[in-house]
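Novice: Residue 74 is where the sequence shown starts when you use the numbering used here, and the numbers rise one by one after that. I am attaching a structure below and will ask some questions about it afterwards.
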Amino acid sequence: MTIFKNIIGLVLVFLMTIACDPLKDINDSIDDGRSPVSSDYTFTDDDYGLSCNADVQKFMSFSETVPPDNDTCGVAQILNQKFYGVSGDIMNTTYNYYNALYKGTTVSYTATQSDYDRYGGFGSLSLNSSIQVCDSVFTANNGSPAEKSDVVSLTATYYDNGYTTPTDTLIEYISFGSPIWQQIYVLQSDDYRAMDQSYDNFSSKNDALARIPTWLNLIERPYASEGDVQVIQYSVSEKDSDGNRVTKDYVAEFNYTNGTWVAINDTQAQTGAYKWDNETKLWNVSPVYTFVVTTDDKYDQEYTLTEADYTSVGESYPNFDGRNNTQEDIDTKIGTILNSQSEIVIEEGQNIKVNYVVYDGSSNDEVGYYKATLP
């Protein structure tokens, strides 16, 4: 009996040794002749628990602090525990990203006559032309283009809807990434009263985000257009870490969607492409290409921009606004879209034909050719 048990034990040890990496066995079998594929996967709550970062586990999202392409605890670290691939496989992975709107680096500026001459006229700026001033001023003062949450406090005389504001009117604008800017509307006493608040603040952020959309829908902007964006600054009376009650200011984004105003969550879904490396047996961030505009109309692949593509680069409608975007701006945004889309798999050196729409008073169908190059 003892000899029989020992034989069984040896057999079990042998089996455990050859099967210690079951995923490798599966991969070896599917790698034999299988063509690479492009697949889609969305992280579940349990997937975040596989992260080697405590914050990703706790908040079930990535962030600026722990970005999805983090070499140690990024998206790939989770994928490597779940999936094997074959050479050339692309996995378009959707995950949560915490990207809160807040007032970051702030530049204060007073418009000059040269600003009015260049961007406005008759000694005033329109709200649209003031955005161009903000973008130019921030880059000049900060040494780099604005990123999301950067702010310009612009003092100017404004002309809008047939009315001229008093001289030296201060309006703050917040960036969603150059060249996209939105005006910040600061709630006034009458606004708080309209939302049934006894004081010029809310009792919590949740209360504010529940009441402000109703106020926008019924009172402030009931006749908005699909895709309109409104950034609101509001105050909340809350307790600090010492238990003392303080008033803090917050900013939040609201979008007009399907006939109603909705608050945009700080945590949003993002999608990144990950490619299987057959040598390391790991998933890696798919290459980010630089797309060079070319006149060569012989193309390898064709892509037509979708409504979601325009929204992803800050456009309010399914087109590029030619009044606020130069052709260079449009080309840059198309490059961003091509890198993030998952409909076609792009390889270095390919020429991509892109179909898109530009609005400059009317909608115009346009075509561009972009060659994919690696930096």
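Note that beta-carbon positions come from the ideal geometry of N, C-alpha and C, so glycine has one too.
Taking the alpha-carbon positions, what's the K176 to M133 distance?
Specialist: 24 Å
Novice: So which of T353, W349, D313 and E299 has the shortest CA-CA distance to N331?
Specialist: E299
Novice: Our contact map puts N328 next to V304 with C-beta atoms below 8 Å; I'd like the distance itself, whole angstroms only.
Specialist: N328 to V304, Cβ: 10 Å. No contact.
Novice: Return the CA-CA distance between D94 and L355, expressed in angstroms with no decimal places.
Specialist: Below a pLDDT of 50, predicted positions are generally treated as unreliable, and D94, at 46, falls in that range; the measurement from the model is reported next regardless. Distance between the alpha carbons of D94 and L355: 14 Å.
Novice: Just to confirm my understanding: we take S308, look at its own chain, exclude 5 residues before and 5 after, and list those with CB closer than 8 Å. What are they?
Specialist: Excluding five sequence positions before and after S308, the CB atoms of its chain that fall closer than 8 Å to its own CB belong to L260, D273, N274, F275, T320, K321, D322 and Y323, given in chain order.
Novice: Near Y372, what residues of its chain come up, given a Cβ to Cβ distance below 7 Å and the 5 sequence neighbours on each side ignored?
Specialist: N424, I425, K426 and Y442
Novice: State the start and end residues of the unbroken alpha helix (DSSP H) segment that holds N214.
Specialist: If you look at N214, you'll find it in the alpha helix (DSSP H) that goes L200 to N215.
Novice: Please return the same chain residues whose Cβ sits closer than 8 Å to the Cβ of D233, not counting the five positions on each side in sequence.
Specialist: S199 and L200
Novice: Which residue wins for smallest C-alpha separation from V365, given the options Y192, N290, T405 and L282?
Specialist: T405
Novice: Please report how far the alpha carbon of N100 lies from the alpha carbon of G158, in whole angstroms.
Specialist: Residue confidence for N100 is low, a pLDDT of 46 falling below 50, so the modelled location carries little weight; the figure read from the coordinates is stated next. Roughly 7 Å between the two C-alpha positions.
Novice: Spell out the partners DSSP gives Q400 in its beta bridges.
Specialist: Partner(s): none; Q400 has no beta bridge.
Novice: Under DSSP, the beta strand (DSSP E) around K176 begins and ends at which residues?
Specialist: No beta strand (DSSP E) contains K176, which DSSP labels as neither H nor E.
Novice: So for L96, helix, strand or coil by DSSP?
Specialist: Because the pLDDT of L96 is 48, which lies under 50, any placement of that residue in the model is unreliable, and the number read from its coordinates should be weighed accordingly. Of the three classes helix, strand and coil, the one that applies to L96 here is helix, per DSSP.
Novice: Whose C-beta lies closer than 6 Å to the C-beta of P252 among residues of the same chain, with five residues either side of it excluded?
Specialist: D208 and D402
Novice: Quick check: what's the CA-CA separation for R396 versus K131?
Specialist: 44 Å
Novice: Can you tell me which of the three DSSP states L291 falls into?
Specialist: If DSSP states are grouped into helix, strand and coil, L291 belongs with the helices.
Novice: Spatial neighbours of D394 within its chain, please: CB distance less than 6 Å, with the 5 preceding and 5 following residues excluded, ordered by chain position.
Specialist: Y432
Novice: Where A336 and F195 are concerned, what is the direct C-alpha to C-alpha distance, given to the nearest angstrom?
Specialist: 37 Å
Novice: Compute the beta-carbon to beta-carbon distance between S389 and A346, rounded to the nearest angstrom, for a pair I have assumed lies under 8 Å.
Specialist: Actually they are not in contact, since the Cβ atoms of S389 and A346 sit about 26 Å apart, beyond 8 Å.
Novice: Is there contact here, the stretch 169 to 184 with the stretch 133 to 142, by at least three beta-carbon pairs under 8 Å?
Specialist: Cβ pair count under 8 Å is three or more, so yes.
Novice: Which of helix, strand or coil does DSSP assign to D264?
Specialist: helix
Novice: From the DSSP output, in three-state form, read off V129 for me.
Specialist: Secondary structure at V129: helix, using DSSP grouped into helix, strand and coil.
Novice: Could you pull the start and end residues of the alpha helix (DSSP H) that I244 belongs to?
Specialist: Run containing I244: none in the alpha helix (DSSP H); it sits in the beta strand (DSSP E), T242 to S248.
Novice: Quick one: what's got a C-beta closer than 7 Å to S181's C-beta in the same chain, skipping five residues either side?
Specialist: S226
Novice: For S248, count the other beta carbons within 10 Å of its own beta carbon; 16 or more makes it buried, fewer makes it exposed. Which is it?
Specialist: buried
Novice: Throw me the rounded Cβ distance for the G250 and G122 pair, which I believe falls under 8 Å.
Specialist: G250 to G122, Cβ: 31 Å. No contact.
Novice: Who pairs with E311 in a beta bridge, going by DSSP?
Specialist: V319
Novice: Along the chain, where does the beta strand (DSSP E) that runs through N428 open and close?
Specialist: N424 to Y432
Novice: Tell me which residue opens and which closes the beta strand (DSSP E) that D438 is part of.
Specialist: S436 to T446
Novice: Does DSSP classify S413 as helix, strand or coil?
Specialist: helix
Novice: For the alpha helix (DSSP H) containing E375, list its first residue and its last residue.
Specialist: That residue, E375, is in no alpha helix (DSSP H); its beta strand (DSSP E) goes Q374 to T377.
Novice: Is the distance from the Cβ of S222 to the Cβ of L174 below 8 Å?
Specialist: yes
Novice: For G194, which three-state DSSP category applies?
Specialist: strand
Novice: Pull up the CB-CB distance for N153 and D113, whole angstroms please, since I reckon it's below 8 Å.
Specialist: At roughly 18 Å, the Cβ-Cβ gap does not stay under 8 Å, so N153 and D113 are not in contact.
Novice: Throw me the rounded Cβ distance for the G163 and K348 pair, which I believe falls under 8 Å.
Specialist: Reading the sequence as shown, one finds Ile at residue 163 and not Gly. Sure, about 6 Å apart at Cβ, within 8 Å.
Novice: Please classify N165: does DSSP put it in a helix, a strand, or coil?
Specialist: strand
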